[in-house]
Amino acid sequence: MLRTFVRARHPLLRFAEPFTGKLESYQFNGSKITVTDAGQRVLAGKADHVALNGINRWIGGVHLLGHRVRWRWDERLHRIVSAR
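Okay, so the sequence shown: first residue is 121 according to the numbering used here, each after it adds one.
So this is what it looks like as structure tokens:
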């Protein structure tokens with residue numbers, strides 16, 4: 121998920137110090153990260169990561185794709201729920 125949040129069109133996280141490694145290799149372990157303004161809005165419930173950045177992910181048999189996806193994963197219920 122870190123890769124997704126750092127590389128997004130509207131990043132939710134950023135490295136506090138310049139990062140020169142490869143995200144694919146987990147060289148970011150031990151790096152300091154900060155929450156961006158967009159990330160703060162998402163955390164506050166004022167913005168939606170999927171609406172900002174889109175998604176292309178399979179969860180079970182459900183393919184979440186695009187910016188206007190109506191389904192979200194509910195961590196508390198451990199299932200997909202409607203976002204509307």
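All residues carry an ideal CB built from backbone N, CA and C; glycine is no exception. Here the structure is a predicted model, which means the values were calculated and not measured.
Residue closest to residue i, alpha-carbon to alpha-carbon, out of the options
i	options	result
Ile200	Val182, Thr124, Asp168	Val182
Arg161	Arg196, His198, Leu133	Leu133
Pro138	Gly150, Asp157, Ala128, His130	Gly150
Arg123	Ala164, Trp191, Lys166, Asn173	Asn173
Boundaries (first-last residue) of the alpha helix (DSSP H) holding residue i
i	result
Gly159	157-163
Identity of the residues DSSP links to residue i by a beta bridge
i	result
Arg176	The sequence given here has Asn at residue 176, not Arg. For Asn176, which the question treats as bridged, DSSP gives the partners Leu185.
Asp194	Arg199
Coil, strand or helix - residue i by DSSP
i	result
Leu132	coil
Residues near residue i by beta carbon distance below 6 Å, same chain, minus five either side
i	result
Arg177	Leu184
Val126	Leu133
Same chain, Cβ closer than 8 Å to residue i, five either side skipped, listed in chain order
i	result
Ala171	His187, Arg188
Gly159	Phe125, Pro131, Leu132, Leu133
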